[in-house]
């Protein structure tokens, strides 16, 4: 089997030229996305190069008091990113996003590292950081979609919710419909990904291992583990986030506090 094919800076520049295609489409269709495409491309390069240098140093240093703070920083950034999405927000949403993502991703990640993969030492950055990163990325999407759907369902169905409460329903009886819709929405991306993995898409971890010369069957085993870890973490994260949103918006005396829902200010379209 051939060794790993290294990429030069020229190869990266050649690939970056493909973004010009998207820019041309934006101009031709008057989408006004050229500036966003440029910013996104620059951020991609800068962020990935930065994390590449950081991980190189972390891998070489290999100490738990370096690995854990980096993983914590990754988790906090994921929580912030999840809380910034959606049309509506409420006081405490950022805390709810961070807590739900942190609790679910670290719990499931620890199970995968300690019980399934059984790495030694337990903080081995070559395994801990990439696996947590993949879990966080998917958990972030699920949590943000779950909270967004919960707030939208409660807003559009406010009359039905308040009527249920007025007729004597408990806060959970009034909110369980929107909560179920929110959890379902948050879990759909992971379910869709699991339905086509290996047939339509080859996941990043599996592709990377194959390109690095790993046996395809061994790479598949790792990917199966990762997919199940992602599914479990996303499910727990979405349920946790939706339940915390529910507790924020419904009082202990069974009142729907709709005034807590705040519509975000619309950002100016980039041109």
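Residue numbers (the numbering used here): 81 to 351. C-beta atoms are modelled at their ideal positions from N, C-alpha and C, and glycine is treated no differently. Bear in mind that the values here come from a model prediction, so they are computed numbers and not experimental data.
Exposure label - residue i; buried when at least 16 CB within 10 Å
i	result
residue 343	exposed
residue 176	buried
residue 275	exposed
residue 133	exposed
residue 192	buried
residue 243	exposed
residue 126	exposed
residue 128	exposed
residue 93	exposed
residue 295	exposed
residue 85	exposed
Contacting residues, own chain, Cβ-Cβ under 7 Å from residue i (five flanking each side not counted)
i	result
residue 277	283 and 307
residue 222	266, 267, 269, 270, 314, 317 and 318
residue 137	none
Same chain only: Cβ atoms within 6 Å of residue i, ignoring 5 sequence neighbours per side
i	result
residue 87	none
residue 353	Look at the range of the chain in this structure, 81 to 351, and you will see that residue 353 is not part of it.
residue 196	305
For residue j and residue i, believed in contact at Cβ under 8 Å, the rounded distance
i	j	result
residue 207	residue 199	5 Å
residue 162	residue 224	4 Å
Range of the contiguous alpha helix (DSSP H) that encloses residue i
i	result
residue 230	205-236
residue 302	296-329
residue 265	251-276
residue 136	114-141
residue 145	144-163
residue 102	99-108
residue 344	Unbroken run through residue 344: none, as it is neither H nor E.
residue 175	173-191
residue 91	89-96
Sequence-distant residues of the same chain with beta carbon closer than 8 Å to residue i, five excluded per side
i	result
residue 340	170, 171, 328 and 329
residue 135	205 and 209
residue 81	Note that residue 81 has pLDDT 47, beneath the 50 cutoff, so the model's placement of it is unreliable and no number is given.
residue 217	158
_Counting beta carbon pairs with one atom in the stretch 167-185 and one in the stretch 142-159, are three or more of them shorter than 8 Å?_
In this structure the stretch 142-159 touches the stretch 167-185; the number of beta carbon pairs closer than 8 Å is three or more.
*Are three or more beta carbon pairs between the stretch 333-344 and the stretch 247-264 nearer than 8 Å?*
As far as the Cβ criterion goes, the stretch 333-344 touches the stretch 247-264, which means the pair count is three or higher.
*Three or more beta-carbon pairs under 8 Å between the stretch 314-326 and the stretch 263-272, yes or no?*
yes
*Pairing CB atoms from the stretch 100-116 with CB atoms from the stretch 140-155, are three or more of them under 8 Å?*
no
*asked:* I want to know whether the stretch 214-229 touches the stretch 166-173 - three or more CB-CB distances under 8 Å.
replied: yes
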